[in-house]
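Everything on this sheet refers to the single structure shown next.
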Amino acid sequence: MILVLAWALWAAAPAAPLSRVETVPSAISDKYPAIAFDARGRLWLARVVMGAEGDAVVVRSRDGATWSADTTLAEGIEGAPRIVADGRDVWVFWHGRRAGNWDVYARRFSGGRWGAEERVTRGAAAELHPVAVRDERGGLWVACETIEGTTFAIEVRHRQGRRWSPPVRLGAAGSVDRRPALAAARGGGAWLAWDSTRTGNADVFVAHVESRRGAAVVSSQQQATAHAAIDDTPSLAVDPSDGTLWLAWNSMRGHHDDPLRTDRHSGDAFVRAWRDGRWLAPPSAHPGGQPGQVSFGAVVKTPRDAVDPYWHWKQTQNYPVVALDARRRPWVVWRTDATGAHNFDLWGRVHDGAGWSEELHLTTPYGGRDEWPAVALSPAGELWLAWEGQPDPSGSGGTALGRGDVDVFNTLAAPNAVFLGRLDTPAPAAIPAPLAPAAPDGHRREQVRLARAPGGPPGGIPTGDGRFQIYFGDPHSHSILSDAKTGHADQVLWLARDHLGLDFAVVSDHSEMGRLQHGEYAEIRTLARAFTAPGRFLSFSGFEWTAGSRYGHRVVLFKQDETPQLAFTSPEGDTIEELYALARRHDGLMSPHHTGQATWGRWNPDHHDAAVEPNFEICSWHGRFEFYGNPWEGRRQVPGHQYQDQLRRGRKVGVMGASDTHHLQPGEGGLTAVLAETLDRGPLFEAVRRRRIYATTGDKIVLEFTANGFPMGEEITAAGEVELKVRVEGTAAIDRVEIVKDLVDTFAAVRIEQNPSGADGAFMLYDPATPEGGERLERADMSSLHFTMRDRGRPGREHLYYVRVTQANGQQAWSSPIWVSYR
Numbered sequence: 031m032i033l034v035l036a037w038a039l040w041a042a043a044p045a046a047p048l049s050r051v052e053t054v055p056s057a058i059s060d061k062y063p064a065i066a067f068d069a070r071g072r073l074w075l076a077r078v079v080m081g082a083e084g085d086a087v088v089v090r091s092r093d094g095a096t097w098s099a100d101t102t103l104a105e106g107i108e109g110a111p112r113i114v115a116d117g118r119d120v121w122v123f124w125h126g127r128r129a130g131n132w133d134v135y136a137r138r139f140s141g142g143r144w145g146a147e148e149r150v151t152r153g154a155a156a157e158l159h160p161v162a163v164r165d166e167r168g169g170l171w172v173a174c175e176t177i178e179g180t181t182f183a184i185e186v187r188h189r190q191g192r193r194w195s196p197p198v199r200l201g202a203a204g205s206v207d208r209r210p211a212l213a214a215a216r217g218g219g220a221w222l223a224w225d226s227t228r229t230g231n232a233d234v235f236v237a238h239v240e241s242r243r244g245a246a247v248v249s250s251q252q253q254a255t256a257h258a259a260i261d262d263t264p265s266l267a268v269d270p271s272d273g274t275l276w277l278a279w280n281s282m283r284g285h286h287d288d289p290l291r292t293d294r295h296s297g298d299a300f301v302r303a304w305r306d307g308r309w310l311a312p313p314s315a316h317p318g319g320q321p322g323q324v325s326f327g328a329v330v331k332t333p334r335d336a337v338d339p340y341w342h343w344k345q346t347q348n349y350p351v352v353a354l355d356a357r358r359r360p361w362v363v364w365r366t367d368a369t370g371a372h373n374f375d376l377w378g379r380v381h382d383g384a385g386w387s388e389e390l391h392l393t394t395p396y397g398g399r400d401e402w403p404a405v406a407l408s409p410a411g412e413l414w415l416a417w418e419g420q421p422d423p424s425g426s427g428g429t430a431l432g433r434g435d436v437d438v439f440n441t442l443a444a445p446n447a448v449f450l451g452r453l454d455t456p457a458p459a460a461i462p463a464p465l466a467p468a469a470p471d472g473h474r475r476e477q478v479r480l481a482r483a484p485g486g487p488p489g490g491i492p493t494g495d496g497r498f499q500i501y502f503g504d505p506h507s508h509s510i511l512s513d514a515k516t517g518h519a520d521q522v523l524w525l526a527r528d529h530l531g532l533d534f535a536v537v538s539d540h541s542e543m544g545r546l547q548h549g550e551y552a553e554i555r556t557l558a559r560a561f562t563a564p565g566r567f568l569s570f571s572g573f574e575w576t577a578g579s580r581y582g583h584r585v586v587l588f589k590q591d592e593t594p595q596l597a598f599t600s601p602e603g604d605t606i607e608e609l610y611a612l613a614r615r616h617d618g619l620m621s622p623h624h625t626g627q628a629t630w631g632r633w634n635p636d637h638h639d640a641a642v643e644p645n646f647e648i649c650s651w652h653g654r655f656e657f658y659g660n661p662w663e664g665r666r667q668v669p670g671h672q673y674q675d676q677l678r679r680g681r682k683v684g685v686m687g688a689s690d691t692h693h694l695q696p697g698e699g700g701l702t703a704v705l706a707e708t709l710d711r712g713p714l715f716e717a718v719r720r721r722r723i724y725a726t727t728g729d730k731i732v733l734e735f736t737a738n739g740f741p742m743g744e745e746i747t748a749a750g751e752v753e754l755k756v757r758v759e760g761t762a763a764i765d766r767v768e769i770v771k772d773l774v775d776t777f778a779a780v781r782i783e784q785n786p787s788g789a790d791g792a793f794m795l796y797d798p799a800t801p802e803g804g805e806r807l808e809r810a811d812m813s814s815l816h817f818t819m820r821d822r823g824r825p826g827r828e829h830l831y832y833v834r835v836t837q838a839n840g841q842q843a844w845s846s847p848i849w850v851s852y853r
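The numbers in the sequence shown follow this note's numbering, run straight up by one, and end at 853.
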């Protein structure tokens with residue numbers, strides 16, 4: 031009885047699974063920690079350290095309690111280090127860009143010193159994100175991503191002795207294959223996992239590779255997941271005693287049936303085990319979960335979020351890593367936005383073969399944005415965790431920060447740093463969950479909820495006069511390289527191109543969120559080139575400059591690829607004038623972002639440079655910013671910061687729409703339509719510069735607006751009357767089309783009137799001052815409308831006109847204005 035009571039008290043005690051936590055000193059931004067122990071028990075830590083002009087791969091080691099000095103292995107455009115250590119030597123692998131091309135490089139520590147840099151990959155393809163492992167026979171295995179033109183694949187190489195084998199490439203025509211993981215297989219060779227879009231969705235694949243006569247050979251390959259939701263970012267670990275392969279991955283299957291795309295693209299951590307030729311999975315750690323589901327929605331939301339469910343930051347728990355401890359128990363560690371907003375913590379669970387531990391809140395006390403965990407087991411049986419985050423300045427005499435203070439931790443103050451701590455043995459498993467055969471995945475294609483944006487197919491819609499094509503795209507979205515809740519940069523572009531039917535898209539990550547490193551920004555530019563196929567799909571380079579309420583947020587786009595970024599948190603980028611100068615030097619264009627939004631930094635109307643800021647964001651996922659108090663304005667807007675306020679100051683700016691997605695939802699909340707001659711960078715970019723664009727709230731509504739034959743965005747001169755032509759091809763029934771003149775909504779409108787019989791649509795063209803005197807326009811198609819109006823302005827005065835379209839389903843579109851001076 032006493033023993034039972036003692037066990038119950040121990041099991042109920044608060045878990046303290048992370049101890050001996052220390053912070054590695056950081057100057058600007060340290061990211062991507064990699065750790066390993068050698069046979070002597072020395073801990074090796076590699077990381078990427080950001081400098082003023084480039085990044086450096088830096089390594090240090092700890093023998094007992096004493097750290098060695100940092101050794102810089104490479105400096106320039108570098109990233110993604112991985113360490114392989116054993117009793118003979120230590121290898122560090124990373125990707126770097128030399129002479130414009132990405133390759134995998136390595137350096138070896140042997141005999142007490144570092145050898146020369148070795149180029150592992152060859153050829154013209156871009157080779158990125160290496161992973162490495164040493165097998166039971168002493169051979170080295172390295173896998174990486176390769177991008178050649180618009181083709182994405184996985185390459186794997188083997189080294190026995192002094193030579194690397196020729197690469198084996200795994201991929202499929204037209205698919206995006208990325209994010210490899212490796213683990214040494216029992217008996218020799220290695221297990222390889224990665225995610226691929228070859229099925230039309232995103233799934234995880236697993237292969238066994240081995241060495242035969244010095245060559246790397248794929249001995250088996252299988253599709254490990256096949257759900258209608260997105261599965262990606264695998265992690266592997268192998269039990270050396272019986273060869274069990276543990277697979278953890280990020281999956282959105284737990285949210286697949288949620289009504290909003292934002293929710294459907296929230297992730298969870300899943301795990302399976304491959305043993306004796308079949309997949310096994312433990313039951314969910316939570317009632318109502320799916321087999322193998324480790325994490326489950328456990329996020330505390332604010333009362334405001336509870337009453338405004340669409341606008342809150344959606345919960346997500348994702349990107350798990352799996353590692354075995356000295357008792358061969360799998361630990362699964364993932365990141366979760368426990369406090370909402372942009373902040374993340376690392377949580378975990380342990381499976382002991384019979385059940386799950388309670389949820390272990392590993393980094394909750396440390397604030398900031400904790401992510402990119404790395405785990406290593408020491409020869410003494412200790413399991414260590416490294417991760418990146420932001421240190422709290424209060425620890426060094428600064429002011430204590432609230433854990434939910436998004437802008438302080440991620441935008442305006444603390445640099446990114448690397449943390450290190452020991453994972454201690456948790457209480458015994460409290461949730462019964464024995465391994466059982468996993469039911470096979472499967473789905474029908476129609477179950478994949480990645481539907482096209484409502485409207486016509488991609489490839490351009492001709493204008494009525496044949497001068498231009500109308501192309502739809504999203505010029506502003508985010509990935510987890512900055513502050514996205516979920517989603518890699520390539521996935522944003524893949525969804526926009528292959529599923530949503532957009533013609534262009536841009537990943538414009540924040541420069542300031544823990545600082546976007548030089549190598550990260552260079553990789554985004556590489557992806558923009560890889561997804562660009564003139565005539566089919568375009569992507570541009572760009573970033574978001576995040577300055578809070580002092581200047582607001584600005585999205586910067588460039589016509590060319592090799593362009594710099596600028597951060598508000600750096601001395602050379604902390605004023606709007608410096609950002610304007612950068613855009614002028616490098617042929618960039620800017621637009622204010624979530625302009626009336628009070629929470630993360632509304633637009634400051636005192637600043638404007640017409641040469642580089644020709645447009646204004648009128649809608650996004652945050653809301654609609656045409657004027658204060660509009661029916662769909664979104665959350666927490668303030669007056670004086672909307673589009674009409676910009677026009678009221680006499681500034682000639684067009685309109686843009688963008689999603690600002692943080693949940694793999696390009697286009698939701700805002701699209702920009704561009705009237706250009708062809709789908710090429712030059713014509714498209716120049717059309718944006720000339721304001722020949724319009725915005726929609728996400729549907730691909732066709733809108734043409736001309737004055738005396740001149741398209742939207744133009745400044746013209748008229749003698750006498752001006753002829754205004756409007757064409758709308760909606761995606762649903764039109765509620766009304768309004769022409770706004772000089773910011774007066776009641777200039778003219780077309781409204782719907784339904785015939786009593788309901789057989790035909792009846793539109794009435796009218797002057798609101800005399801609504802009964804309008805012209806009736808019989809239409810059978812309630813979503814299509816063409817009409818012409820004439821107006822005469824005051825001589826010697828300039829008037830502006832723009833069109834607002836509102837559909838019965840609430841979707842809207844706005845043209846850029848036309849400015850008319852009357853002689």
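The C-beta atom is built at its ideal place from N, Cα and C for all residues, glycine as well.
Residue i in three-state terms, based on DSSP
| i | result |
| --- | --- |
| residue 718 | helix |
| residue 476 | helix |
| residue 618 | strand |
| residue 232 | coil |
| residue 504 | strand |
| residue 333 | At residue 333 the pLDDT is 46, less than 50, meaning the model places this residue with poor confidence; the figure from the coordinates comes in the next sentence. Residue 333 falls in the helix class under three-state DSSP. |
| residue 561 | helix |
| residue 65 | strand |
| residue 432 | Confidence at residue 432 is low in this model, with a pLDDT of 49, below 50, so the placement of that residue is unreliable and no value is reported for it. |
| residue 490 | coil |
| residue 752 | strand |
| residue 255 | coil |
| residue 311 | strand |
| residue 745 | strand |
| residue 556 | helix |
| residue 702 | strand |
| residue 525 | helix |
| residue 532 | coil |
| residue 851 | strand |
Residue i, buried or exposed, once every other Cβ within 10 Å from all chains shown has been counted against 16
| i | result |
| --- | --- |
| residue 839 | exposed |
| residue 347 | buried |
| residue 797 | exposed |
| residue 487 | exposed |
| residue 309 | buried |
Whether residue i touches residue j by CB criterion (8 Å)
| i | j | result |
| --- | --- | --- |
| residue 538 | residue 555 | no |
| residue 820 | residue 768 | no |
| residue 419 | residue 356 | no |
| residue 730 | residue 485 | yes |
| residue 542 | residue 598 | yes |
| residue 686 | residue 645 | yes |
| residue 24 | residue 828 | Residue numbering for the chain in the displayed model covers 31 to 853; residue 24 lies beyond these limits and cannot be assessed. |
| residue 775 | residue 836 | no |
| residue 688 | residue 706 | no |
| residue 158 | residue 178 | no |
| residue 108 | residue 93 | no |
| residue 362 | residue 278 | yes |
| residue 114 | residue 162 | yes |
Distance between beta carbons of residue j and residue i, contact taken as under 8 Å
| i | j | result |
| --- | --- | --- |
| residue 78 | residue 60 | 7 Å |
| residue 311 | residue 468 | 4 Å |
| residue 471 | residue 255 | 5 Å |
| residue 209 | residue 160 | At roughly 12 Å, the Cβ-Cβ gap does not stay under 8 Å, so residue 209 and residue 160 are not in contact. |
| message | Going residue by residue through the segment 641-694, where are the continuous beta strand (DSSP E) segments of at least 3 residues, counting only ones entirely within it? | response | 645-650 and 684-687
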